[in-house]
Amino acid sequence: MTEGKEYIGTRTRMIAEGAVTVALSVILKDILPPIISLPQGGSVSAAGMVPLFWFSLRHGLRAGLEIGLVYGLVHMALGGYLVNPVQAILDYPLAYAALGLSGLFRKYPVVGVGAGVLGRFICHFISGILFFAIYAPEGMNPALYSAIYNGSYLAIEFIISSLIIYILMRKFPIK
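Numbering follows my numbering, with no gaps: position 71 of the sequence shown is 75.
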């Protein structure tokens, strides 16, 4: 019978850690002022994705996808830039759930951060083409505009997150 109790304790601990992860990301991404903020949404935060990456690297793909989705919903509720229900789903729960892809690369955490940022980029890229093409300069391909717009801040977020995850992994390796 101790196996059942052990599972419940482990699951409870992971849920509690997930709640703390979401809270830390809210503080770093939603409460602290952004380093850079773009006009149609998107910003460079004070390492707001790092808690989500750390959780995903510790607990794997499924848990990372779930906690990213939860954070995406919270982030959207705290003042998301919404123009359409499909855009809302792409830019918030799906984009942040994609950060959980890092859980596939526990042995290569910086690659994991890259996979998560790429997943988030793809969601924002599609949303940009479908819903924000009107902001592209006249004559510019909406796909190119979306790639430049979203890539500009996500590249910086990738660099910040990768550096911090690398340092954390050196100090506190995941077992």
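Backbone N, C-alpha and C fix where the C-beta goes; we use that ideal spot for every residue, glycine too.
Query                                                                                                               : Result
Outcome for N154 when other beta-carbon atoms lying within 10 angstroms are tallied against a minimum of 16         : buried
Where I19 sits in the DSSP three-state scheme                                                                       : helix
Same chain, Cβ closer than 8 Å to Y170, five either side skipped, listed in chain order                             : P113 and V114
Euclidean distance between Cα positions of A81 and G45                                                              : 14 Å
Nearest candidate by alpha-carbon position, reference F129, set L86, R17, L73 and Q91                               : Q91
Three or more C-beta pairs below 8 Å linking the region 133 to 146 and the region 155 to 166                        : no
Neighbourhood of M5 by C-beta distance below 7 Å, restricted to the same chain and skipping five residues each side : Because the pLDDT at M5 is just 48, under 50, the model does not fix this residue reliably, and the value given afterwards should be weighed accordingly. Counting only Cβ-Cβ distances below 7 Å, and skipping sequence neighbours, we find nothing.
Three-way DSSP call (helix, strand, coil) for V87 in this model                                                     : coil
Coarse secondary structure for S29, derived from DSSP in three states                                               : helix
Helix, strand or coil at I39 [DSSP, three-state]                                                                    : coil
Inter-stretch contact at 8 Å, needing at least 3 Cβ pairs: the region 83 to 99 / the region 48 to 58                : no
V48 - partner residues in DSSP beta bridges                                                                         : I40
Exposed unless 16 or more other CB atoms sit within 10 angstroms - verdict on E71                                   : According to the sequence shown, residue 71 is Ile rather than Glu. I71 is buried by the Cβ-count criterion.
Buried versus exposed, by CB contacts within 10 Å (16 or more), P55                                                 : buried
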